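A short worksheet on the structure shown next.
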Amino acid sequence: MNIQERLALLNQLGEYLRAGDDPELNAVVQQCTLDNPWFTPDNTYMALKSIGHYLLDAPKLEKWINNYAIPDCDFPVKTIGIVMAGNLPLVGFHDWLCVFTAGFRAKVKLSEKDRHLLPFLVKKMAEWNFESWAYTEFCAVDAPLRDFDAVIATGSNNTARYFEQYFSKYPHIIRRNRNGVAVLNGLESQEALLALGVDIFSYFGLGCRNVSKLYVPKNYDFNFLLESLHTYNELILHHKYKNNFDYNFTLFILNKIPFYNNGCLLLREDPSLSARIASVHYEYYQDLTDLLGKLAPLRDQIQVLAANYPIPSWTITQFGKSQQPELTDYPDGVDVMDFLTALS
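Number 275 in the numbering used here belongs to position 274 of the sequence shown; there are no gaps in the numbering.
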């Protein structure tokens, strides 16, 4: 398959996902929920919709790919190992997309938490163009990742240290924990705070693009924020989310940790970026200079900075858009396509 054939096939997949309502896809979505209760149908369809609209749109694909010198080979000449995370549905899709678009073969080590969706989409593409089978191989569940020319691996900070050692002799991209943060100035409308709720609560807050830390001005009044975010209180009906909420609530009470509570979210003052499920940390800032001073040393730990106004030297994501990454929104800011084309 040449580059135009691959792009055409990706666009066809995008049209399929945007159309939705395929019984076969619906059955896979239900199977995902049975295997992993965090992957509710709503969350899985949200991921599929985002991929269809933001990653597999023909004009966007053409504009994106024109930035790279991709050899126009008709078959994959290199194999790229991909170790995928499983915190969100199809969280590793962008890596696979880059490898496929670059004309390489992806050797994918799936997470046990997300083992149905990508194989189904690859199978669907092969129904439309049988030659696409040559571009993806899935490792057996217990089989180690072997026989590759380069690797892209995503994991926690602990597993990243293992990846660095295990893959040290290969060209590699190793990803660690990152978090989304949001900056408030106290002038946000309810509409803006409801949009911020999407950034906090989508996928139960399990993604690196979810907002887990708020920066608020001194003397910030949390009441309006808590009332607005209470709109999402149906999340507490999900048993795993509720178990985490109840555990954190009890932990804070027993340890006499001050916190705010609106029935579906706990807010705690804490300097760290990473917060427990069903909770978000907050930190006060005095002024813009103080805010920039707090953010600067954390740049390598921040995946998304959400705000409703510009912040010098930072790329801002509007509230409600953190879970809608575009093709150029590479995780950790590392251009995967540059990495791959350099291997050609």
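Positions of the beta carbon are idealized from the N, C-alpha and C atoms, including for glycine.
Remember, it's a predicted structure, so these values are computed and weren't measured experimentally.
Limits of the beta strand (DSSP E) - the one that serine 51 falls within: For the purposes of this step, residue 51 is identified with residue 50 of the sequence shown, where counting begins at 1. Serine 51 -> not in any beta strand (DSSP E); alpha helix (DSSP H) instead, spanning 42-51.
Terminal residues of the beta strand (DSSP E) in which phenylalanine 139 lies: By one-based count along the sequence shown, residue 139 stands at place 138. 137-139 is the extent of the beta strand (DSSP E) around phenylalanine 139.
Coarse secondary structure for asparagine 234, derived from DSSP in three states: Locating residue 234 in the sequence shown gives position 233, where the first residue counts as 1. In this structure, asparagine 234 counts as helix in the three-state DSSP scheme.
Alanine 20: first and last residue of the uninterrupted alpha helix (DSSP H) it sits in: The residue you call residue 20 lines up with position 19 of the sequence shown. Counting along the chain, the alpha helix (DSSP H) containing alanine 20 begins and ends at 4-20.
Local conformation of glutamate 327 per DSSP, three classes: One-based indexing of the sequence shown puts residue 327 at position 326. The answer is coil: DSSP assigns glutamate 327 none of H, G, I, E or B.
Identity of the residue in Val30, Thr232, Lys214, His282 nearest aspartate 115 by Cα: Translated into the one-based positions of the sequence shown, residue 115 becomes position 114. Taking only the C-alpha atoms, the option nearest aspartate 115 is Val30.
CA-to-CA distance, phenylalanine 250 to asparagine 269, given in whole angstroms: What you label residue 269 is simply residue 268 of the sequence shown in a count that begins at 1. What you label residue 250 is simply residue 249 of the sequence shown in a count that begins at 1. Position check: residue 269 holds arginine in this sequence, whereas asparagine was assumed. Computed Cα separation, rounded: 11 Å.
Identity of the residue in Phe94, Val305, Ser112, Glu165 nearest cysteine 209 by Cα: As a first step, residue 209 must be located in the sequence shown, where it is residue number 208. Nearest option by C-alpha distance: Val305.
Cα-Cα separation, asparagine 67 to phenylalanine 76: Counting from 1 along the sequence shown, the entry for residue 67 is found at position 66. Counting from 1 along the sequence shown, the entry for residue 76 is found at position 75. Distance between the alpha carbons of asparagine 67 and phenylalanine 76: 20 Å.
Bridge partner(s) assigned by DSSP for leucine 207: In the sequence shown, counting from the first residue as 1, residue 207 sits at position 206. Paired residue(s): none; leucine 207 is not in a bridge.
Coil, strand or helix - glycine 82 by DSSP: By 1-based counting over the sequence shown, the position of residue 82 is 81. Three-state DSSP puts glycine 82 in a strand.
Cβ-based burial, lysine 214 [other Cβ within 10 Å; buried from 16]: To locate residue 214, count along the sequence shown from 1; it is residue 213. With 16 or more other Cβ atoms within 10 Å, it is buried.
Coarse secondary structure for glycine 181, derived from DSSP in three states: Numbered from 1 along the sequence shown, position 180 holds the residue referred to as residue 181. Strand at glycine 181.
Within 8 Å, strictly: CB atoms of leucine 267 and serine 275: For this step, residue 267 is matched to residue 266 along the sequence shown. For this step, residue 275 is matched to residue 274 along the sequence shown. The answer is no: Cβ separation not under 8 Å.
Span of the alpha helix (DSSP H), counted from its first residue to its last, around valine 123: In the sequence shown, residue 123 corresponds to position 122, counting from 1. Its alpha helix (DSSP H) spans residues 118-129.
For histidine 282, the residue or residues it bridges with in DSSP: By one-based count along the sequence shown, residue 282 stands at place 281. Note: histidine 282 sits in a beta bridge opposite Lys214, Arg269.
Straight-line gap, glutamate 165 to isoleucine 312 (C-alpha atoms, nearest Å): The residue given as residue 165 occupies position 164 in the sequence shown. The residue given as residue 312 occupies position 311 in the sequence shown. Their Cα atoms are separated by approximately 33 Å.
Cβ-Cβ distance between valine 182 and isoleucine 303 below 8 Å: As a working mapping, residue 182 is identified with position 181 in the sequence shown. As a working mapping, residue 303 is identified with position 302 in the sequence shown. Their beta carbons are under 8 Å apart, which means valine 182 touches isoleucine 303 by this criterion.
Secondary structure of leucine 306, DSSP reduced to three states: Here residue 306 refers to the residue found at position 305 when the sequence shown is read from its first residue. If DSSP states are grouped into helix, strand and coil, leucine 306 belongs with the strands.
Minimum C-alpha distance to arginine 106 - residue among Pro120, Ile83, His117, Pro90: Position 105 of the sequence shown, counting from 1, holds the residue named residue 106. Cα-wise, what sits closest to arginine 106 is Ile83.
Alpha-carbon to alpha-carbon, phenylalanine 168 and serine 51: Working through the sequence shown from its first residue, we reach residue 51 at position 50. Working through the sequence shown from its first residue, we reach residue 168 at position 167. Using only the alpha carbons, I get a separation of about 31 Å.
Contact under 8 Å by Cβ, threonine 41 with alanine 86: Translated into positions along the sequence shown, residue 41 becomes position 40. Translated into positions along the sequence shown, residue 86 becomes position 85. No, they are not a contact pair.
The stretch 217-226 / the stretch 53-71 touching (three or more Cβ pairs under 8 Å): no
The alpha helix (DSSP H) enclosing lysine 257, as first and last residue numbers: Position 256 of the sequence shown, counting from 1, holds the residue named residue 257. Element bounds for lysine 257: n/a, residue is neither H nor E.
First and last residue of the uninterrupted beta strand (DSSP E) at isoleucine 174: Against the sequence shown, residue 174 aligns to sequence position 173. Residues 173-176.
CB of arginine 176 within 8 Å of CB of asparagine 158, strictly: What you label residue 176 is simply residue 175 of the sequence shown in a count that begins at 1. What you label residue 158 is simply residue 157 of the sequence shown in a count that begins at 1. No, the Cβ-Cβ distance between arginine 176 and asparagine 158 is not below 8 Å.
Inter-residue CB distance, lysine 108 and glutamate 138 (contact presumed, cutoff 8 Å): If you number the sequence shown from 1, residue 108 lands on position 107. If you number the sequence shown from 1, residue 138 lands on position 137. The pair is a contact, with the Cβ atoms about 5 Å apart (cut-off 8 Å).
Exposure label - arginine 7; buried when at least 16 CB within 10 Å: Locating residue 7 in the sequence shown gives position 6, counting from the first residue. By the neighbour-count rule (16 or more Cβ atoms within 10 Å), arginine 7 is buried.
Through-space distance from aspartate 200 to asparagine 234, alpha-carbon basis: As a first step, residue 234 must be located in the sequence shown, where it is residue number 233. As a first step, residue 200 must be located in the sequence shown, where it is residue number 199. Spanning the two alpha carbons is a distance of roughly 15 Å.
Expected contact under 8 Å - CB spacing of leucine 119 and phenylalanine 94 to nearest Å: Within the sequence shown, residue 119 is the residue found at index 118, counting from 1. Within the sequence shown, residue 94 is the residue found at index 93, counting from 1. Right, their Cβ atoms sit about 7 Å apart.
Rounded straight-line distance, which links the Cα of leucine 26 to that of threonine 34: Position 33 of the sequence shown holds residue 34. Position 25 of the sequence shown holds residue 26. Answer to the nearest angstrom: the Cα atoms are 13 Å apart.
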